[in-house]
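Reading through the C-alpha cells given below for one structure.
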Amino acid sequence: MRRLLLSLIISAMASPIAGLDAQAQPSSAATPHASLYGSWTGGLFPVPSNLTAQACLAQPVVIFTKDLVLRATIIDAIYHQRVIETVRTTANGTDFRFIPNPGADISSGLFGAPATRPEPGFGCADPNSLHVVRRGENEIIFEGCSDFPEPLYRCH
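For the record, in the sequence shown the residue sitting at position 20 is 24 according to my numbering, with numbers rising by one throughout.
Here it is in C-alpha cells:
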C-alpha cells in the first residue's frame, strides 16, 4: 500500500513537470528553416568528390541553427554569426532577414582607422537578407550572393 501511494505521488508530481517540459521545448519542425539545420560545406569553393564526413564537419562553411546563421570567411579564423530576424519559406527555398549588426557602423578609431569592421553578409545585394534555394535534399545555393558562387552540400 505504501509503495502504491508513493508511486502515485511521484507520478502525479512528474506529470505536470513532464507536460511543462514538452511545452517549453518547441519542435524544430515548427520553424520554417528546420530542414536547413546543421553544417554545410562548399559555397566558396567546389566540393571535392572524395570529401569525408570528418573533413566536412571539421570546417563547415555555413551552419544553420534556430536563431543564427554562422558563416566562415577566407580571411578570418572565427565564424561570423548573423541573428535571424524573420524566416519565410518560398516555393523554391527559404528567405532569411537578419537583424542589422549595431557594430556594422564603422567609426573612426586610432589615427582614423576603422574601429570596427562591418559584419559580413553573404555577398547578396542586401547584406541583411539571404535567399536559399534548395536543389535537392542535401544541396542548396545562395541565390544572387557573390560570396558563395558554388553550391553548398550538407555535412553528414
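Built from N, CA and C at the ideal position, the CB exists for glycine as well.
Query, Result
"Sorted by chain position, which residues of the same chain lie with C-beta nearer than 8 Å to V91's C-beta, five sequence neighbours on each side aside?", "T35, P36, H37, T98, D99, F100 and R101"
"Just to confirm, is the Cβ distance from Y157 to V51 under 7 Å?", "yes"
"Under a three-way DSSP split, which group does L72 fall into?", "strand"
"Taking C60 and T77 to be in contact with their CB atoms under 8 Å, please state how far apart those CB atoms are, rounded to whole angstroms.", "Incorrect: roughly 18 Å between the Cβ atoms, too far for contact."
"I need the straight-line Cα distance from K70 to E141, nearest angstrom please.", "19 Å"
"Is the CB-CB distance between I145 and P153 below 7 Å?", "no"
"Whose C-alpha, out of T94, N96, N105 and G42, is nearest the C-alpha of H84?", "N105"
"Run through the DSSP bridge pairs and tell me what F193 is partnered with.", "Lying outside 5 to 160, the shown extent of the chain, residue 193 is not represented and no answer is given."
"Can you find the residues in the same chain that come closer than 6 Å, C-beta to C-beta, to V137, ignoring five residues on each side of it along the sequence?", "N96, G97, I145 and E147"
"Among all the DSSP beta bridges, which residues are the ones paired with L156?", "G46 and I144"
"So, is L40 buried or exposed, given that buried needs 16 or more other C-beta atoms within 10 angstroms?", "buried"
"Closest to F68 by C-alpha separation, out of S150, G127, V87 and R139, would be which residue?", "V87"
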